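Number of protein chains: 2
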Amino acid sequence: MITPAAKADKTQIADITARAGVFSREEIDSVPAMFDEYIQYGAEASGYHFIVYREGEQVLGYAIYGYRDLTDGVYDLYWIAVDPQARRKGVGRALLTACEEAVRQAGGRLLIAETSGTAEYESTREFYLRTGFVNEASIRDFYKPGDDLKIFVKRLQPSEA
Amino acid sequence: MITPAAKADKTQIADITARAGVFSREEIDSVPAMFDEYIQYGAEASGYHFIVYREGEQVLGYAIYGYRDLTDGVYDLYWIAVDPQARRKGVGRALLTACEEAVRQAGGRLLIAETSGTAEYESTREFYLRTGFVNEASIRDFYKPGDDLKIFVKRLQPSEA
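For the record, the sequence lines run as chains A and B. Numbering-wise, the numbering used here comes out as the position in the first sequence, counting from 1, plus 2. Numbering-wise, the numbering used here comes out as the position in the second sequence, counting from 1, plus 2.
Here it is as C-alpha cells:
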C-alpha cells in the first residue's frame, strides 16, 4: 500500500536511505532535513511530497517529488529508494507510478529525475529508461569531475479522470 | 562599484526586477522573498548571494548566485537584472565577472544559468554566449508548452590567487 509518509516513518526512511548503498553521506544526511520540513509545513508548502510503500508496519521504500518553482506543470522526482531486502518486488515501480498519478492529477506535464552518469548509477538509469523516461539532457562533470549529470524526463499524458 | 547587497537595497532591487521587462509576475514576486532570506540568514545559509552594482546611492543592477546542493563546486547564477535605463554600460557583464570571481574563490568549477528558449529571451541567451557560456543542455516545453529550458554552463578556470 502506498500512502503519504507519516511522522513515525522518519526512522525507517532514514534507515532505508542509509542501507540503499547508492547515496553519499551528504545525500543521506539531507533526507531527514527534507522530511522535517515536510512534517512541519506539509507537502505543498515544503515542496517535498514524501510517499511510502508499506507492508503492514514495515516501510519497504519511499519516494520524494515536488513542484519545480516558476514552471507550468514541472515536477521533480527527487528520490526513490527501496530497501535492499525488498528488491525485485516492484516497489520502485509502484512508487514511481504513484508519483506519476499524483503529479498528473495536480496538472503536471513533466516529471524530471536527475541522476549521475557513473557506473554506480547504471541500474538507476536503466530503471528510468525502462519506465518511460528519456535522457534528454546531460551536463559533463556536474557532481564532480568525471561524474556527469543526467537529466531524465518523462512526459505525462493528461489524467483520464 | 559592486558589493554584497545591503538591507536598504531591497526597494531598488524589486524596482529593477519589475522594470526589467523580461520577468513574469511570479518571478518578480519571488525576488523579495529570496532577498528576505538572504538578509535574515545570510548568503551562505540562505543559498542566495545578492550582489549589486552601485553608482553612488543608486543601484543599477544586481545578480543572485548560489551553491547547488549535493555537488562539488557547482553554482547557479539565478538572476542578473540591469536597470533598463542603465543598459549598454557593461553593468551586466561586470556583475557576471564579480559572480565568477566569487564563485572561483569559493572553489567553484561550474557556473550554470538557466533561461528560456523563447524569442523574448534571445538577448539573454546571446549575453551568455558572448560571455563564455555554452548551451550544454535543453529540455523541451519545460516552462510551458513551447517554452524550452536552456541550460548554459560556464567552466571556470581555478583562481590564480
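Note that the Cβ used here is the ideal one computed from N, Cα and C, for glycine as well. These numbers come from a predicted model, not from an experiment.
Arg142 (chain B) carries a strand assignment under DSSP once its states are collapsed to helix, strand and coil. Under a 10 Å Cβ-count criterion, Val136 (chain B) is classified as exposed, with fewer than 16 other Cβ atoms of the shown protein chains found around its own Cβ. Against chain B, a Cβ distance below 8 Å from Lys146 (chain A) picks out Thr73, Asp74 and Gly75. Within the same chain, Ser48, Tyr50 and Phe52 come within 6 Å of Tyr40 (chain B) by CB-CB distance, once the 5 residues on both sides are set aside.
Taking a C-beta distance under 8 Å as the contact criterion, Ile141 (chain A) and Asp149 (chain A) do not qualify as a contact pair.
Ranked by Cα distance from Gln159 (chain A), the first of A:Val105, A:Glu138 and A:Gly119 is A:Val105. For Glu102 (chain A), no CB of chain B lies under 8 Å from its own CB, so it is not counted at the interface with that chain. Residue pairing for Ala65 (chain B): DSSP places it in a beta bridge opposite B:Ile53 and B:Ile82. Its Cα nearest to that of Ala8 (chain A), the residue A:Gly44 stands out among A:Glu28, A:Trp81, A:Gly44 and A:Val24. Per the Cβ contact rule, the stretch 123–137 of chain B is not in contact with the stretch 80–97 of chain A (fewer than 3 Cβ pairs under 8 Å). Note: Arg95 (chain B) is not bridge-paired with any residue in the DSSP secondary-structure output.
By the 16-neighbour rule on beta-carbons within 10 angstroms, Ala139 (chain A) is buried. Using a Cβ-Cβ distance cut-off of 8 Å, the stretch 64–84 of chain B and the stretch 13–26 of chain B are in contact, since at least three pairs of beta carbons, one from each stretch, lie closer than that value. Shortest Cα-Cα distance from Trp81 (chain A) to any of A:Leu113, A:Asp74 and A:Arg157 involves A:Leu113.
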